[in-house]
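Accompanying notes for the structure given below.
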Amino acid sequence: MRLLLVEDDPMIGESIRDGLAQEGFTVDWVRDGAAADAALGTEPYAVVLLDLGLPRKDGLDVLRAARARRNDVPILVITARDAVADRIRGLDAGADDYLVKPFDLDELAARVRALVRRAEGRAEPVVRHGAITLNPATREVHLRGKPVPLSGREFALLHALLARPGVVLSRAQLEERLYGWDEEVGSNAVEVHIHNLRRKLGAGTIRNVRGVGYTIPAE
Amino acid sequence: MSSLRTRLLVALLGAVLAAGVIASAATYYGARAEVGAMLDEELRQVALSLRDHAVLDLGRLAPGGREPAQRVVVQIWDPRGVAVYLSNAATPLPLSRAPGFSDLTHEGRQWRMFTARSGPQTIQVAQATSVRTELAAGAALRLLVPILAVLPLLAVLVWFILDRGLAPLARVARAVGARSPASLDPLPAAGLPGEVRPLVEALNGLLARLGEALTVQRRFAADAAHELRTPLTALALQIQLAERAGTDADRAAALTKLKDGVKRASRLVQQLLALARLEPEASETPFAPVALDALARSVAAELAPIAAARPVTLALGRVEPATTTGNEDALRLLLTNLVDNAIRYAPAGGRVEVRAFAHGADAVLEVADDGPGIPADERVRVFDRFYRVPGTEGPGSGLGLAIARQVADLHHGRIELADGLGGRGLTARVVIPAT
Chain A
27 MRLLLVEDDP MIGESIRDGL AQEGFTVDWV RDGAAADAAL GTEPYAVVLL
77 DLGLPRKDGL DVLRAARARR NDVPILVITA RDAVADRIRG LDAGADDYLV
127 KPFDLDELAA RVRALVRRAE GRAEPVVRHG AITLNPATRE VHLRGKPVPL
177 SGREFALLHA LLARPGVVLS RAQLEERLYG WDEEVGSNAV EVHIHNLRRK
227 LGAGTIRNVR GVGYTIPAE
Chain B
-14 MSSLRTRLLV ALLGAVLAAG VIASAATYYG ARAEVGAMLD EELRQVALSL
36 RDHAVLDLGR LAPGGREPAQ RVVVQIWDPR GVAVYLSNAA TPLPLSRAPG
86 FSDLTHEGRQ WRMFTARSGP QTIQVAQATS VRTELAAGAA LRLLVPILAV
136 LPLLAVLVWF ILDRGLAPLA RVARAVGARS PASLDPLPAA GLPGEVRPLV
186 EALNGLLARL GEALTVQRRF AADAAHELRT PLTALALQIQ LAERAGTDAD
236 RAAALTKLKD GVKRASRLVQ QLLALARLEP EASETPFAPV ALDALARSVA
286 AELAPIAAAR PVTLALGRVE PATTTGNEDA LRLLLTNLVD NAIRYAPAGG
336 RVEVRAFAHG ADAVLEVADD GPGIPADERV RVFDRFYRVP GTEGPGSGLG
386 LAIARQVADL HHGRIELADG LGGRGLTARV VIPAT
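In the order they appear, the protein sequences are chains A and B.
Position one of the first sequence corresponds to residue 27 (my numbering), numbered consecutively onward.
Position one of the second sequence corresponds to residue -14 (my numbering), numbered consecutively onward.
Below is the structure:
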């Protein structure tokens, strides 16, 4: 699950990035509004964490610009501006949630998961598909009630495919969702993870649409 | 006697009473003289009419039914000194030979006497002096008594007049008393008398200045709280990361970052404190002569290790004797901030130059570097508290230059930014009046 973090303070940015990485998220971190604009225009993010007091372009402007481009990525505003009027302004400008500094890392992760869930159109915190259940909070996967040990990447890949059953995702799209900018992606990394998932969950779980990509068929 | 009203009342009534007494005394003495002249004339007329017309109708000599004590005494003597006629035979007055007026004391009473010669006979007409005194005193009392009588009425009137006159003052006092510490709006000055208006206007001036100072303080407190939230957020996150760390190596790394976070928060608090202490109203340290050249050498030596660690060349440029009067600690803080900034933003291998010299009537401190500099259109805003040039990396509170400017202000000097070494970088110049 790939997130965009927009935060100008180096210490806070680093801590959020490291903390969310521990929760299994891939975090791209930019430090100013203009860079955030550019990143939002090119990469598909599951959630954006946006600070408001940003150099070069204010966070609220970044937010409005994204919404004006019909970019409906869930945006969680993280800011020290705690006045009710500020929160209202943030939410009305198109934010999906608002978190005031200082905050708890666990709460941040939980809010991100909630935003992802809502974006995927689920009310239930657990993703169910046939005999498979996937819990984004505990990052556990069960097959017919039995736990299946998965690596972080395998889990993220499965989560991406389960988010929209029936939709075919290309290898490039899957890479975009799985890897941050600074990460080296092996040429057949996705194939290897798919292979492992099939081995652990059953060969028929993930279908390969030749020349297009991969999908988990809708029930 | 602390009440203005009581004091005015006592003073006014006292003045009225004193005026009455003085007027009465003047009346007494004036009337005494007038009555004296009038009665003297009466005595003379009586004596002369006795001589010329031998009028002995003594009933006429006691007109208006005067008291016996006030009656005129008539005595007629023959040349041998034998009384021909004595109106008051019981206590005859002694014979006086000299004609005209004379004063005499007889049996404890004062008498005024007119003596006239009528051929061989001597005619004497006399009257007790007390008559005159009583008449004059009567006139004086007729003046004084009404004044004394109206005094209580006057007191009541004055009381009410003062009450009305002092009402604006009481209104102002009530308006001030009813204020909450938060309401610093000016007091209404309309309709106030000329004596009270300056007081209210002075109060309003004070309120306005107080309001400005409060606004500055409030903004500073709000800004400071807001700025403290950033390092505190970082600390909270770093603590959580340290708690989560699975391995000793992870924990050690997290704790190192946590220490950096604490250092940064402490530095911000220190700077906020420095700023608060440098408020012109708060500064209590007396000014003393400060040698800026020695200060430049000392600060450069102090920061040399930090410069060497970057590595940046920290050099002394033009350093000449320059003395100013000021707060040495504050000036050291100013120069340390400037040099620290220069070292921090200079590229590795860059150069920072510290200068101190006298220039005309001024003492000048300069810190020049060959770092990235500050764009001309940002050079004013960088002195704002908490402002950081967009895109600035690395730790920093945005307070260094604000503190530097506050120190310069405290010394009635100025701080300006110009291009730095070799046409790039930045020169920070502090100009303070020299001694």
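Even glycine gets a Cβ: it sits at the ideal position worked out from N, Cα and C.
Collapsing the DSSP output to three states places A/Trp55 in a strand. Checking the DSSP bridge columns, you'll see A/Leu195 partnered with A/Tyr240.
Within the model, the alpha-carbon separation for A/Pro175 versus A/Gly192 is close to 24 Å.
Contacts between A/Pro175 and chain B, judged by CB atoms closer than 7 Å, are missing: the closest CB pair is about 17 Å apart. Residues of the segment 119 to 142 of chain A with a Cβ closer than 8 Å to any Cβ of chain B, in chain order: Lys127, Pro128, Phe129, Asp130, Leu131, Asp132. With respect to B/Ala331, B/Val297 sits close: the two C-beta atoms are nearer than 8 Å. For A/Gln199, there are no C-beta contacts with chain B under 9 Å, since the nearest C-beta of that chain is about 31 Å from it. Shown here, A/Lys172 sits in a strand according to DSSP, grouped into three states. For the segment 28 to 52 of chain A, the set of positions with a beta-carbon nearer than 8 Å to some beta-carbon of chain B reads Asp35, Pro36, Met37, Ile38, Glu40, Ser41, Ile42, Asp44, Gly45, Gln48 in chain order. According to DSSP, B/Ala348 shares a beta bridge with B/Ala343, B/Ile417. When beta bridges are read from the DSSP output, B/His91 appears opposite B/Arg94. Counting of Cβ neighbours within 10 angstroms places B/Gln30 among the exposed residues, the total staying below 16. Taking a C-beta cut-off of 7 Å against chain A, the contacting residues of the segment 206 to 228 of chain B are His211, Arg214, Thr215, Leu217, Thr218, Ala219, Ala221, Leu222, Gln223, Gln225, Leu226, listed in chain order. Inside the segment 119 to 145 of chain A, DSSP marks whole alpha helix (DSSP H) runs of 4 or more residues at positions 131 to 145, from first to last along the chain. In this structure the segment 210 to 228 of chain A does not lie against the segment 114 to 125 of chain B, because fewer than three pairs of beta carbons, one per stretch, are closer than 8 Å. In chain order, Met37 make up the part of chain A whose C-beta sits under 9 Å from the C-beta of B/Arg249.
Considering only A/Ser41, A/Val73, A/Ser213, the residue with the shortest C-alpha distance to A/Arg144 is A/Val73. B/Asp63 and B/Leu33 have their C-alpha atoms spaced approximately 17 Å apart.
Of all alpha-carbon atoms in A/Leu200, A/Asp112, A/Thr231, A/Phe51, the one lying nearest the alpha-carbon of A/Ile158 is that of A/Thr231.
Between A/Val32 and A/Leu75, the gap from beta carbon to beta carbon is short of 8 Å. At the C-beta level, A/Asp118 and A/Pro100 stay beyond 8 Å of one another.
Within chain A, the residues whose beta carbon sits less than 8 Å from that of B/Gly246 are Met37, listed in sequence order.
In this structure, B/Leu288 places its C-beta atom within 8 Å of the C-beta atom of B/Leu299. The beta carbon of B/Arg414 sits closer than 6 Å to the beta carbons of Glu351, Glu401 from its chain, once the five residues preceding and following it are set aside; these are given in chain order. Linking B/Pro105 to B/Gly66 through their CA atoms gives a straight-line distance of about 10 Å.
Taking C-beta atoms under 8 Å as the contact rule, B/Val337 and B/Ala327 qualify, at a distance of about 4 Å.
Annotation: the continuous beta strand (DSSP E) that includes A/Leu76 extends over 73 to 76. For the alpha helix (DSSP H) assignment, the uninterrupted runs of no fewer than 4 residues enclosed by the segment 297 to 367 of chain B are, from N- to C-terminal side, 313 to 330. DSSP places A/Trp207 outside both helix and strand once states are collapsed to three, so it counts as coil.
B/Thr114 has no beta-bridge partner at all, per DSSP. Residues are counted here when their Cβ sits less than 7 Å from a Cβ of chain B; for the segment 100 to 120 of chain A these are Ala106, given in chain order.
Contact annotation: B/Val392 and B/Leu316 have beta-carbon atoms nearer than 8 Å.
Sequence-distant Cβ neighbours of A/Gly116 in its own chain, meaning closer than 6 Å and more than five residues away, are Val103, Tyr124. Restricting attention to alpha helix (DSSP H) runs no shorter than 4 residues, the segment 60 to 120 of chain A encloses them at 85 to 94, 110 to 118, ordered along the chain.
The segment -4 to 7 of chain B makes contact with the segment 131 to 150 of chain B: 3 or more CB pairs, one atom from each, lie closer than 8 Å. The three-state reading of DSSP puts B/Gly150 in helix, counting H, G and I together.
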